[in-house]
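This is the structure:
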């Protein structure tokens, strides 16, 4: 079997900006939630898809905000989108999917923990992480754990990660520690760009292994000297940023592999769709639970 782990936060954002706006009968904006339901139903009705779970950032902030004040927050996010997170979680759960609602951790941490838990389970052929988020590239392993950009229908395996980023998946947090991640709110180290970080980490893999003397880095002498000086001055920041980019594997997920198998939607989905103002969606759901 294949396990599909969905980044619900990414999907909700994608549908907020990509799906048409839609008002519920009570006046709330619900377009992103309805788009998310349609997207997940498309996944569930794809031949061969049996085991699916979806993780959300119930709140945008996490433990990482305690580590670095500049880390991403909900400031500036459209209130109409923020207001849909609880609604989306309720709707997706009613569709019959396992929902991981993150408060202390982030959705990506839940996907990482699920990957760690289920990758060695008997019968698991592949884990497909449904998100183009570059943070999640660190989870990719060979062709057994892959990323899937559903919008572009593009898969990325370990060879693809190396081609795209210039480093192997275990080095992605180190790479982000050097170049930064604007989406997550940390800047990286002055002077270090994607190519220079990839060139050095392809050789040394992790920050600790990079020699202080840059003569063996494989870069031009002047360029290496500038980067070495920057890294020496900002090493603690690089290590902190790497920590921010490193996904956790210790999120307490209670579900078993069997729980991830989709058994159909709950009847309460019909009431939710009524409240959302979409009476047609339940008619497209092919399987319902008896209870």
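Residue numbers (the working numbering): 17 to 307.
Glycine is no exception: its CB is placed at the ideal position from the N, C-alpha and C atoms.
Consider the Cβ of residue 254: report whether some Cβ of chain D lies at a distance smaller than 9 Å.
Of the protein chains in the structure, only one exists, and it is not chain D.
To which residues does DSSP link residue 146 through a beta bridge?
The residue labelled residue 146 in the question sits at position 130 within the chain shown. According to DSSP, residue 146 bridges with 22.
Per DSSP, which residues does residue 67 bridge with? Please list them.
In the chain shown, the residue the question calls residue 67 occupies position 51. Residue 67 pairs with 19, 277.
Boundaries of the alpha helix (DSSP H) in which residue 340 is found, first to last residue:
In this structure the chain extends from 17 to 307, so residue 340 is not present and cannot be described.
Is residue 189 near residue 262, with beta carbons less than 9 Å apart?
Walking along the chain shown from the start, residue 189 turns up at place 173. Walking along the chain shown from the start, residue 262 turns up at place 246. Yes.
Assign residue 194 to one of two classes, buried (16 or more other C-beta atoms within 10 Å of its C-beta) or exposed (fewer than that).
Walking along the chain shown from the start, residue 194 turns up at place 178. Buried: at least 16 other Cβ atoms inside 10 Å.
Alpha carbon of residue 18 to alpha carbon of residue 137, nearest angstrom
As a first step, residue 18 is located in the chain shown; it is residue number 2 there, counting from the start. As a first step, residue 137 is located in the chain shown; it is residue number 121 there, counting from the start. The alpha-carbon atoms of residue 18 and residue 137 are separated by roughly 11 Å.
Give the straight-line distance between the Cα atoms of residue 280 and residue 243, rounded to the nearest whole angstrom.
Residue 280 sits at position 264 when you count from the first residue of the chain shown. Residue 243 sits at position 227 when you count from the first residue of the chain shown. Residue 280 and residue 243: Cα-Cα distance of roughly 54 Å.
Best match in 215, 253, 255 for proximity to residue 236 [C-alpha to C-alpha]:
If you number the chain shown from 1, residue 236 lands on position 220. With distances taken between Cα atoms, residue 236 lies closest to 215.
By Cβ distance, which residues of its chain are closer than 7 Å to residue 196, with the 5 residues on each side in sequence left out?
Counting from 1 along the chain shown, the entry for residue 196 is found at position 180. The answer, listed in chain order, is 202, 203, 204, 257.
Could you please give me the residues that DSSP links to residue 58 through a beta bridge?
Counting from 1 along the chain shown, the entry for residue 58 is found at position 42. Residue 58 pairs with nothing; no bridge assigned.
For residue 156 and residue 171, what's the separation of their Cα atoms in angstroms?
Here residue 156 refers to the residue found at position 140 of the chain shown. Here residue 171 refers to the residue found at position 155 of the chain shown. Looking at the two C-alpha atoms, the distance is approximately 11 Å.
Please check the pair residue 295 and residue 128, which I expect to be a contact at CB under 8 Å, by giving their CB distance rounded to whole angstroms.
By one-based count along the chain shown, residue 295 stands at place 279. By one-based count along the chain shown, residue 128 stands at place 112. Incorrect: roughly 38 Å between the Cβ atoms, too far for contact.
What first and last residue would you give for the alpha helix (DSSP H) that runs through residue 257?
Along the chain shown, one-based indexing puts residue 257 at 241. Residue 257 -> alpha helix (DSSP H) spans 237–261.
Give the C-beta separation of residue 115 and residue 108 to the nearest angstrom, bearing in mind that I take them to be a contact with Cβ-Cβ under 8 Å.
Within the chain shown, numbered from 1, the residue matching residue 115 stands at position 99. Within the chain shown, numbered from 1, the residue matching residue 108 stands at position 92. Right, their Cβ atoms sit about 5 Å apart.
So residue 117 is in the beta strand (DSSP E); what residue range does that whole segment cover?
On the chain shown, residue 117 is found 101 positions in, with the first residue counted as 1. Taken as a continuous stretch (DSSP letters only), the beta strand (DSSP E) holding residue 117 covers 114–118.
Classification of residue 131 by the beta-carbon crowding that lies within 10 angstroms, buried from 16 upward:
For the purposes of this step, residue 131 is taken as the residue at position 115 of the chain shown. It counts as buried.
Taking just the CA atoms, how far does residue 103 sit from residue 41?
Position 25 of the chain shown holds residue 41. Position 87 of the chain shown holds residue 103. Going by the C-alpha atoms only, they are around 14 Å apart.
Please state whether DSSP places residue 45 in a helix, a strand or coil.
In the chain shown, the residue the question calls residue 45 occupies position 29. Residue 45 falls in the strand class under three-state DSSP.
Nearest by alpha-carbon distance to residue 267: which of 176, 71, 148, 187 is it?
Position 251 of the chain shown holds residue 267. The shortest C-alpha separation from residue 267 is found at 71.
For residue 282, which of 275, 290, 303, 269 has the nearest alpha-carbon?
Indexing the chain shown from 1 puts residue 282 at position 266. Nearest of 275, 290, 303, 269 to residue 282, Cα basis: 303.
Provide the residue span of the beta strand (DSSP E) that contains residue 171, from first to last.
Taking the first residue of the chain shown as position 1, residue 171 is located at position 155. It spans 170–172 - the beta strand (DSSP E) in which residue 171 sits, taken as one unbroken run.
Using CA atoms only, rank isn't needed, just tell me which of 293, 143, 176 is closest to residue 150.
The residue labelled residue 150 in the question sits at position 134 within the chain shown. Among 293, 143, 176, the Cα nearest to that of residue 150 belongs to 176.
Thinking C-alpha only, which one of 300, 45, 67, 228 is nearest residue 291?
Taking the chain shown and counting its residues from 1, one reaches residue 291 at position 275. Nearest option by C-alpha distance: 45.
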